[in-house]
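Chains as they are written, first to last, in my numbering: chain G, 582 to 798; chain P, 63 to 453; chain Z, 261 to 464.
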């Protein structure tokens, strides 16, 4: 089924919840309201004429500092300096967070893309882990790396980082840690030549191993 | 969590036998454990030998690749895709450059696509050989490992001759491949290698491992993943095909030049037990090796002349603004890149949907109620690689 | 064997001495029979070191990509067993070498330290690959990567590469054996290697 037709079906079901459908670009996508995402996903999964039985991917996005003009002038991220210490910045983060859902139907062989935008100060979205079981880990990862809280998730813990980790690393204003739980995370500068000059072997003494060329074959 | 389970051992009708109380045992498998294929940690709750609950704990190899994608440019990040699935790096290269080229709407020379397909399939064979070897190792068979590594070394030699790297290649770039095929009989050597593999070596593996009685006893009817579970947990690759679903991105969602080639999609048939058991997933991999050989032969037989790069190597890659999700078939399953570009030389966001990440999740459901030793068989048959789970 | 003693002890057959060079079993019999003439001078240290370096048991501790090369080193073509280091132990309590093969992350660092502490003395560490040496390609943005395993445990030998070839790991193992033997580790690139390298036509 064409993506536009799928969106029309979905908009008929959601009403106000369906915000817009963007057809320009390589991949068409539907923007829907945050509150309606659980209902939308349940509809897309359950409706026999749509039957989206696989959630291919669930991605969290931080839209902070995104260059809408398409000139590649987005904000850069912070890293470690060449000496190994964390870089810092005074910039205040702004802009929304977002989640993208990529769906696929094995039975009917069509795809669909949903996107939602969440305000930064209240980054909460309803979970879809009851619809597709695979969403559970993807949502945990989005919580871990981006700090998007999925309400109703049965087990919302950090996925990749430790429970005691501070901050959400994929946010654009994340400052790299220098130490964590006693483990040094900052680098060390190359202070000296790691290979000090060795004294020459004495003349007439034993040659170092392997100084004779192999016999010609 | 102490859960009391009443056990009567068949003496339920006798009053004087005291009730046997047992507690759940918490068991840590990993992160340093020979049967977890890396640094996976499984938190088990067992009642004797029976598993009550499996909780995988990930992140022991979290190398921040998605953060790095926002800091380095598109060409530099090819290096990091090598290190996702380090058993089949060419497939990961292929997935990433396909995604970038889709956003750029870049045409790739036909010769480059044929070379890409050939090296990606060689890489897939190497990955499947490791899968067979380590699965045998988990089941207590040491000898197949030596045989599989012998053939893998041959493949690494061939790939080193074309790319310069032994294990991680950084071979593909957006718009083509880095080097042309060397003029020292590479094509001939590849063809003779796959002929040897098809005619002799796969028979060796089958004799050594596939139809071994002990191996069948350990894997048939163990860890059965049903079709519905496979869909719900978004399993892909040999795990999905082992459950009897005929789905392959190379055929169902064609990319590159795969639509030109003739090959079959092997599925699990339940020959030794139920459809979707560990033996089926293993057998799908063995049969995929044969199909990969067929693809390589076709790709190299019809190798066209012409350029192998559409963009000059020293020029930076600029991707127009937009967002797209691209999926390709790696050795482990469907690897997808969701790239959001702002029009510059660096991705704004690059989410990687890695097949092992989704495939592993199924042990939370299927692992329950099994013996601990069968859990090892299940995890081994999923053929996970921690580099792409944790990224 | 010292055969220049003037007065052979009683029971010594001069005619047998001729045959000794050719018959191995008789030679051995000679060693057992006449202990007065056979001795080796050495120090206890040297014997112990020789024993240690000839049977280094590594712990099965694969972290990342380099672990596959470590497996390849112990598998068919390269066969690390030739150097007495092929017996990979699954428990650190039976091992005396830890090959840190791969990226050490923050979450793994504490476990790595734990495994190192569980190994009995004497113990050695090889840092394999650029990640274990200094963070490697994950230095700049790697918020979860420890920039070098030597910040956690003392390292004896560094093996560079990303990943190092099996030959390089075997060479690192031989340097470790030199170190255990008490020799000064020295690696000077032989002249024929540099000469040969100049002749390799590099691709443009």
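For each residue, glycine too, the CB sits at the ideal point set by N, CA and C.
In this structure, does DSSP put residue i in helix, strand or coil?
{"i": "residue 192 (chain P)", "result": "helix"}
{"i": "residue 242 (chain P)", "result": "coil"}
{"i": "residue 438 (chain Z)", "result": "helix"}
{"i": "residue 679 (chain G)", "result": "strand"}
{"i": "residue 268 (chain P)", "result": "helix"}
{"i": "residue 317 (chain Z)", "result": "coil"}
{"i": "residue 654 (chain G)", "result": "coil"}
{"i": "residue 382 (chain Z)", "result": "coil"}
{"i": "residue 640 (chain G)", "result": "strand"}
{"i": "residue 710 (chain G)", "result": "coil"}
{"i": "residue 423 (chain P)", "result": "coil"}
{"i": "residue 186 (chain P)", "result": "helix"}
{"i": "residue 308 (chain P)", "result": "coil"}
{"i": "residue 610 (chain G)", "result": "strand"}
{"i": "residue 365 (chain Z)", "result": "strand"}
{"i": "residue 761 (chain G)", "result": "strand"}
{"i": "residue 323 (chain P)", "result": "coil"}
{"i": "residue 134 (chain P)", "result": "coil"}
{"i": "residue 602 (chain G)", "result": "strand"}
{"i": "residue 284 (chain Z)", "result": "With a pLDDT of only 45 at residue 284 (chain Z), under the threshold of 50, the placement of this residue in the model should not be trusted; the figure read from the coordinates follows. Helix, per DSSP."}
{"i": "residue 157 (chain P)", "result": "helix"}
If you measure between the beta carbons of residue i and residue j, is that distance less than 8 Å?
{"i": "residue 726 (chain G)", "j": "residue 641 (chain G)", "result": "yes"}
{"i": "residue 740 (chain G)", "j": "residue 120 (chain P)", "result": "yes"}
{"i": "residue 425 (chain P)", "j": "residue 441 (chain P)", "result": "yes"}
{"i": "residue 429 (chain Z)", "j": "residue 416 (chain Z)", "result": "no"}
{"i": "residue 464 (chain P)", "j": "residue 148 (chain P)", "result": "Nothing can be reported for residue 464 (chain P), as the shown portion of chain P is limited to 63 through 453."}
{"i": "residue 599 (chain G)", "j": "residue 587 (chain G)", "result": "no"}
{"i": "residue 87 (chain P)", "j": "residue 108 (chain P)", "result": "yes"}
{"i": "residue 203 (chain Z)", "j": "residue 229 (chain P)", "result": "With chain Z represented from 261 up to 464, any question about residue 203 (chain Z) goes unanswered, as that position is not in the structure."}
{"i": "residue 326 (chain P)", "j": "residue 360 (chain P)", "result": "no"}
{"i": "residue 330 (chain P)", "j": "residue 294 (chain P)", "result": "no"}
{"i": "residue 595 (chain G)", "j": "residue 617 (chain G)", "result": "yes"}
{"i": "residue 674 (chain G)", "j": "residue 753 (chain G)", "result": "yes"}
{"i": "residue 686 (chain G)", "j": "residue 636 (chain G)", "result": "no"}
{"i": "residue 134 (chain P)", "j": "residue 236 (chain P)", "result": "no"}
{"i": "residue 187 (chain P)", "j": "residue 351 (chain P)", "result": "yes"}
{"i": "residue 363 (chain P)", "j": "residue 285 (chain P)", "result": "no"}
{"i": "residue 403 (chain Z)", "j": "residue 758 (chain G)", "result": "yes"}
{"i": "residue 409 (chain P)", "j": "residue 238 (chain P)", "result": "no"}
{"i": "residue 655 (chain G)", "j": "residue 404 (chain P)", "result": "yes"}
{"i": "residue 401 (chain P)", "j": "residue 422 (chain P)", "result": "no"}
Starting from the Cα of residue i, find the closest Cα among the options and give me that residue.
{"i": "residue 369 (chain Z)", "options": "G:660, G:680, G:644, G:743", "result": "G:743"}
{"i": "residue 370 (chain P)", "options": "P:173, P:85, P:81, P:117", "result": "P:173"}
{"i": "residue 664 (chain G)", "options": "Z:456, Z:316, Z:400", "result": "Z:400"}
{"i": "residue 358 (chain Z)", "options": "Z:388, Z:365, Z:304", "result": "Z:388"}
{"i": "residue 653 (chain G)", "options": "P:400, P:384, P:419", "result": "P:384"}
{"i": "residue 388 (chain P)", "options": "P:340, P:159, P:453, P:106", "result": "P:159"}
{"i": "residue 115 (chain P)", "options": "P:390, P:104, P:358, P:176", "result": "P:104"}
{"i": "residue 392 (chain P)", "options": "P:416, P:381, P:408, P:324", "result": "P:416"}
{"i": "residue 395 (chain Z)", "options": "Z:324, Z:318, Z:442, Z:328", "result": "Z:324"}
{"i": "residue 324 (chain P)", "options": "P:197, P:346, P:349, P:358", "result": "P:358"}
{"i": "residue 377 (chain P)", "options": "P:397, P:363, P:407, P:185", "result": "P:407"}
{"i": "residue 177 (chain P)", "options": "P:240, P:346, P:129", "result": "P:240"}
{"i": "residue 447 (chain P)", "options": "P:102, P:82, P:81", "result": "P:102"}
{"i": "residue 264 (chain P)", "options": "P:132, P:380, P:355, P:89", "result": "P:355"}
What distance in whole Å lies between the Cβ atoms of residue j and residue i, which are believed to be in contact at a cut-off of 8 Å?
{"i": "residue 720 (chain G)", "j": "residue 731 (chain G)", "result": "4 Å"}
{"i": "residue 432 (chain Z)", "j": "residue 419 (chain Z)", "result": "4 Å"}
{"i": "residue 301 (chain P)", "j": "residue 444 (chain P)", "result": "6 Å"}
{"i": "residue 426 (chain Z)", "j": "residue 332 (chain Z)", "result": "5 Å"}
{"i": "residue 124 (chain P)", "j": "residue 453 (chain P)", "result": "7 Å"}
{"i": "residue 231 (chain P)", "j": "residue 328 (chain P)", "result": "In fact, because the Cβ distance is near 27 Å, the residues do not count as touching under 8 Å."}
{"i": "residue 278 (chain P)", "j": "residue 334 (chain P)", "result": "5 Å"}
{"i": "residue 194 (chain P)", "j": "residue 348 (chain P)", "result": "7 Å"}
For this session: May I ask you to verify whether the segment 153 to 168 of chain P touches the segment 242 to 256 of chain P, counting CB pairs closer than 8 Å and requiring at least 3?
Result: no
For this session: Please determine if the segment 652 to 670 of chain G and the segment 615 to 630 of chain G are in contact, where contact requires at least 3 C-beta pairs separated by less than 8 Å.
Result: no
Problem set entry | Sufficient close CB pairs (3 or more, under 8 Å) joining the segment 731 to 740 of chain G to the segment 338 to 351 of chain Z | no
Exercise. For the 8 Å Cβ check, are there 3 or more pairs between the segment 214 to 230 of chain P and the segment 269 to 289 of chain P?
Worked result: no
Exercise. At a cut of 8 Å, does the segment 199 to 210 of chain P reach the segment 273 to 287 of chain P through at least three beta carbon pairs?
Worked result: yes
For this session: Please determine if the segment 308 to 326 of chain Z and the segment 350 to 365 of chain Z are in contact, where contact requires at least 3 C-beta pairs separated by less than 8 Å.
Result: yes
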